[in-house]
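Numbering (full-length UniProt numbering), first residue to last: 1 to 552.
Note that beta-carbon positions come from the ideal geometry of N, C-alpha and C, so glycine has one too.
Nothing here was measured: the structure is a model prediction, and the numbers come from that model.
Right under this line is the structure:
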């Protein structure tokens with residue numbers, strides 16, 4: 001009982017005041033229970049109070065953490081300056097900048113709906129700095145963080161690609177080389193639009209966004225293809241007015257295959273965004289991808305790139321006639337890009353085409369002076385000639401397949417003679433075409449207009465040499481021999497750059513061996529009787545069998 005009474009009395013004896021002078025508590029002065037206390041009155045100190053009895057313990061400052069925060073703030077300021085161009089960070093400037101940011105990318109919209117309709121109401125009042133710290137639910141925050149990180153990553157990839165651009169004078173040189181040497185038989189890019197994009201890049205590179213990915217990749221591939229022909233480009237004469245262009249040309253001359261590979265690899269990193277963009281620039285980018293890989297793998301990677309270009313173009317309805325585009329220039333670019341993709345996808349690889357001609361009703365390209373720069377040769381007629389050749393060869397292929405399917409060995413003698421005459425005529429025209437192809441390739445080679453990207457010219461030269469070897473095996477002709485030697489010389493000069501997967505260097509050597517064996521067989525048989533062509537061919541085959549047995 002005594003203990004219980006004591007416990008009941010103690011709280012009354014040890015009672016403390018409710019109002020405490022803050023300075024007295026800080027100085028550990030003895031309080032007298034008055035407000036203000038006697039000591040504060042005597043010393044003339046100002047008295048202030050707090051509702052808290054015990055102040056929170058403050059730890060000593062962590063200087064390492066403070067340094068980290070300072071460095072972090074500097075890094076964030078650098079990022080903001082890089083992406084927005086903002087130089088001042090006072091409160092007024094930041095509030096104005098945040099207000100101008102679109103609700104789509106930064107400001108979270110209100111969830112309420114307007115009274116009149118179902119659209120979200122947007123608060124038009126200026127956004128304050130402290131409103132940035134408002135956070136919604138945890139799931140929403142996680143989703144927004146993931147989306148923003150993806151957007152930032154893709155924008156960083158685009159900025160990395162832009163950072164690879166050469167200086168403006170060198171870029172203009174590569175651009176000029178591309179349009180003078182690469183865009184000759186097919187239409188890939190509108191030069192004026194490309195120059196406008198480059199002007200924007202070099203004037204304000206920080207304004208490049210994720211939406212610019214397709215044309216950025218197009219520019220990279222234009223640079224990559226232009227480097228291949230810089231050695232063939234004639235620089236302007238050195239004078240005061242063209243000194244900068246001359247220096248830029250010298251810089252481009254120093255670029256090699258490693259520079260081309262770098263442009264191509266960085267452009268490949270942008271392929272996911274190119275596919276998502278679904279624009280005509282996406283089609284152009286994959287056309288240039290296919291053109292770049294054409295010498296290395298015509299029936300593999302290049303065929304894949306051209307196939308993707310056709311699929312994207314079909315998805316954009318480029319293969320259909322349209323009246324919704326009012327700008328004549330844009331409409332013509334649309335038609336030219338489609339027919340380029342159509343021709344390349346079915347002309348260069350020998351594989352099945354992705355789209356039938358009967359599914360295409362787009363108009364053919366027409367001449368437009370706005371799309372042809374005055375300082376260069378007009379290549380529109382080359383483009384139309386390639387397109388017509390493509391259509392003609394498709395028709396010829398279909399007819400040949402029809403003739404083979406309906407060929408009957410048991411035909412009458414009259415029909416057999418007509419068939420032989422037609423065969424002889426076709427062979428003669430084939431040999432004449434082969435000689436003309438080699439002569440044309442020789443001119444291009446002497447004028448240094450051939451490079452490893454000259455796939456059409458070099459593959460034609462290769463086919464012409466094969467035709468001459470086959471013809472020389474039964475028809476000894478010095479004209480055929482001279483043309484053969486010219487063709488092999490051209491292929492040997494470019495074999496180190498051109499032959500990789502589709503065409504092997506040893507195939508050229510095998511052609512030379514076959515030609516020499518055929519020539520030796522002809523010389524040996526010349527000493528015998530005057531036999532007809534078929535018997536001479538049998539003798540040549542027998543000689544080859546004997547030579548193979550001796551070698552084994």
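A residue is called buried when at least 16 other Cβ atoms come within 10 angstroms of its Cβ; residue 486 meets this threshold and is buried.
Counting only runs of at least 4 residues, the region 320-396 fully encloses the following alpha helix (DSSP H) elements, listed from N- to C-terminal order: 328-347. Using a Cβ-Cβ distance cut-off of 8 Å, the region 312-331 and the region 163-177 are not in contact, since fewer than three pairs of beta carbons, one from each stretch, lie closer than that value. DSSP places residue 175 in the uninterrupted alpha helix (DSSP H) bounded by 168-177. Counting C-beta atoms within 10 angstroms of its own C-beta, residue 325 has fewer than 16 neighbours from the protein chains shown and is therefore classed as exposed. Judged by their CB atoms, residue 430 and residue 467 are nearer to each other than the 8 Å cut-off. Annotated as proximal: residue 457 and residue 441, with beta-carbon spacing under 8 Å. Proximity of the region 421-440 to the region 217-224 falls short of the contact definition, fewer than three beta-carbon pairs being nearer than 8 Å.
Take the alpha-carbon of residue 187 and the one of residue 337: they are about 6 Å apart. Shown here, residue 187 sits in coil according to DSSP, grouped into three states, outside any helix or strand. Boundaries of the alpha helix (DSSP H) around residue 311: 301-315. Annotation for residue 284: the continuous alpha helix (DSSP H) segment containing it runs 280-293. Within its own chain, the residues whose Cβ lies closer than 7 Å to the Cβ of residue 387, once the five positions on either side in sequence are excluded, are 339, 343, listed in chain order. In the three-state scheme derived from DSSP, where H, G and I count as helix and E and B as strand, residue 43 is classed as helix. Residue 292 counts as buried, since at least 16 other C-beta atoms from the protein chains shown sit within 10 angstroms of its C-beta. Counting the other Cβ atoms within 10 Å of the Cβ of residue 87 gives fewer than 16, which makes it exposed. Comparing alpha carbon positions, the residue from 435, 376, 433, 484 closest to residue 179 is 376. Around the beta carbon of residue 272, a 10 Å sphere encloses fewer than 16 other beta carbons of the protein chains shown; the residue is thus reported as exposed. Judged by beta-carbon spacing, residue 283 lies beyond the 8 Å limit of residue 220, meaning their Cβ atoms are not closer than that value.
Annotated as proximal: residue 210 and residue 155, with beta-carbon spacing under 8 Å. Shown here, residue 489 sits in a helix according to DSSP, grouped into three states. Distance from the CA atom of residue 369 to the CA atom of residue 323, rounded to whole angstroms, is 21 Å. Going by C-alpha positions, residue 304 is about 21 Å away from residue 394. Put simply, of 390, 366, 392 the residue whose alpha carbon is nearest the alpha carbon of residue 381 is 366. Contact between residue 206 and residue 83 holds: their C-beta atoms lie close to 6 Å from each other, under 8 Å.
In the three-state DSSP reduction, residue 264 falls in the helix class (H, G or I). Rounded to whole angstroms, the Cβ separation of residue 306 and residue 345 is 4 Å, and the two are in contact under 8 Å. In the three-state reduction of the DSSP assignment, residue 85 falls in the coil class, being assigned neither a helical nor a strand state. Taking the Cβ atoms as the reference, residue 491 lies roughly 6 Å from residue 461, within the contact range of under 8 Å.
Excluding five sequence positions before and after residue 197, the CB atoms of its chain that fall closer than 7 Å to its own CB belong to 215, 219, given in chain order.
Annotation: residue 80 to residue 259 spans about 31 Å, alpha carbon to alpha carbon.
Here residue 255 is buried. Its C-beta has 16 or more other C-beta atoms within 10 Å. Here DSSP, grouped into helix, strand and coil, assigns residue 214 to helix.
Taking C-alpha positions only, residue 357 is separated from residue 363 by approximately 13 Å. Considering only 320, 494, 200, the residue with the shortest C-alpha distance to residue 361 is 320.
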